[in-house]
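Numbering (my numbering), first residue to last: 332 to 692.
Here it is as structure tokens:
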């Protein structure tokens, strides 16, 4: 059973990239084709610098049947997976939120209530509970599990809409424009739309401060690329801060954490949705085996596998130092160093290595 406090899938796109390992997992579920029909197939990420040659992360040589990544809004992926879950007999309770739990012998009693009515409460008995409830996880808070890490000291700006004619990024590649005052990514989206997003150090906005189209344009134009980053229309505009955090524990008794409830990192490389897939695959296999009679200690292996992966992904998405090296690279040896680092990113960001874990028996 899945409990979700939201009444429907959040329509606002968050993550948009599905990498090769995620595509293989979706293939196994029989839904990759449906998702790919709604997506753009992407071959590379190109880094553009002022008055310098470009750098490229190429995904076409990955050792997989899917040597590419997809740009597809997360809500579309969620809807496909939700329909699959329901078709298999799964139970989904929307508008219901978790408020706490306690262990009761060989089971767990979880308290739930309607999200719009604090007086309505019910208890659900289950063998195990998985908190996949985001960075602000109520399950993690109830367990008293720490979530240490850092918050990036700059605003991340995000705009979506239709690109101007001058914004000529090919529809099969994403781009990052690296200027002296920050960097922004340009992500082509289905329907001819484009997302521009990234950290801009020249303008910090408080959490409650509204982001206007004028402020966005001023900040982006401050990168120095002029009309190359111009939007014809903007229909979504927001800003946020990025956190890099890792839960102290992924399991406490019969409760486990997955996805953003267990780890969050920079959006660089589009890892968030894919780490959630990987957590789900690893944990589902172990839970199925334990529920079939294997020792519960097998669940400890979930954290043993996924924590090092989360740490490695955090290192690969913390690209601030690499961007600064790009800005400063003037000699061929310095540029060769950057290219060598980028050569490994396609494989790291594809998350193919996280699949090569010890089989669950």
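Glycine is no exception: its CB is placed at the ideal position from the N, C-alpha and C atoms.
Supposed close pair residue i, residue j - CB separation, criterion 8 Å
| i | j | result |
| --- | --- | --- |
| residue 428 | residue 441 | The pair is not a contact, with the Cβ atoms about 11 Å apart (cut-off 8 Å). |
| residue 630 | residue 617 | 5 Å |
| residue 558 | residue 495 | 7 Å |
| residue 521 | residue 370 | 6 Å |
Simplified DSSP state of residue i, which is helix, strand or coil
| i | result |
| --- | --- |
| residue 596 | coil |
| residue 399 | coil |
| residue 297 | Within the shown structure, residues of the chain are numbered from 332 to 692, placing residue 297 beyond reach of any answer. |
| residue 415 | helix |
| residue 381 | coil |
| residue 668 | helix |
| residue 554 | coil |
| residue 350 | coil |
| residue 692 | Only weak support exists for where residue 692 lies, its pLDDT of 36 falling under 50; the coordinates are left without a value. |
| residue 588 | strand |
| residue 440 | strand |
| residue 362 | coil |
| residue 681 | helix |
| residue 339 | coil |
| residue 674 | helix |
| residue 459 | coil |
| residue 389 | strand |
Selection from the options that minimises the alpha carbon distance to residue i
| i | options | result |
| --- | --- | --- |
| residue 351 | 575, 402 and 479 | 402 |
| residue 680 | 346, 648, 616 and 570 | 648 |
| residue 372 | 678, 583 and 504 | 504 |
| residue 356 | 605, 585 and 341 | 605 |
| residue 564 | 507, 572, 491 and 581 | 491 |
| residue 459 | 603, 587 and 645 | 587 |
| residue 433 | 422, 343 and 585 | 585 |
| residue 518 | 568, 650, 379 and 347 | 347 |
| residue 471 | 560, 594 and 435 | 594 |
| residue 523 | 652, 384, 573 and 499 | 499 |
| residue 416 | 494, 461 and 361 | 361 |
| residue 398 | 368, 349, 385 and 444 | 349 |
| residue 603 | 502, 633, 463 and 660 | 463 |
| residue 612 | 374, 576, 526 and 461 | 461 |
| residue 367 | 382, 600 and 407 | 407 |
| residue 377 | 436, 599 and 642 | 599 |
| residue 353 | 375, 405 and 337 | 405 |
| residue 526 | 560, 545, 540 and 553 | 560 |
Backbone CA spacing between residue i and residue j [nearest angstrom]
| i | j | result |
| --- | --- | --- |
| residue 607 | residue 387 | 26 Å |
| residue 625 | residue 332 | 21 Å |
| residue 513 | residue 530 | 6 Å |
| residue 548 | residue 389 | 29 Å |
| residue 412 | residue 466 | 21 Å |
| residue 657 | residue 675 | 16 Å |
| residue 419 | residue 567 | 35 Å |
| residue 615 | residue 344 | 26 Å |
| residue 591 | residue 562 | 31 Å |
| residue 342 | residue 409 | 10 Å |
| residue 426 | residue 474 | 22 Å |
| residue 380 | residue 510 | 6 Å |
| residue 320 | residue 571 | Absent from the model: residue 320. The displayed extent of the chain is 332 to 692, so no value can be given. |
| residue 395 | residue 678 | 10 Å |
| residue 687 | residue 640 | Annotation note: pLDDT 41 at residue 687 (below 50); position unreliable, no value reported. |
| residue 483 | residue 651 | 10 Å |
| residue 682 | residue 506 | 20 Å |
| residue 382 | residue 555 | 10 Å |
| residue 589 | residue 653 | 29 Å |
Any non-hydrogen atom of the ligand NAD within 7 Å of residue i CB
| i | result |
| --- | --- |
| residue 618 | Absence of the ligand NAD from the depicted structure is noted, as is the absence of any ligand whatsoever, leaving it without description. |
*asked:* Restricting to runs no shorter than 4 residues, where is the alpha helix (DSSP H) found entirely within the segment 475–544?
replied: none
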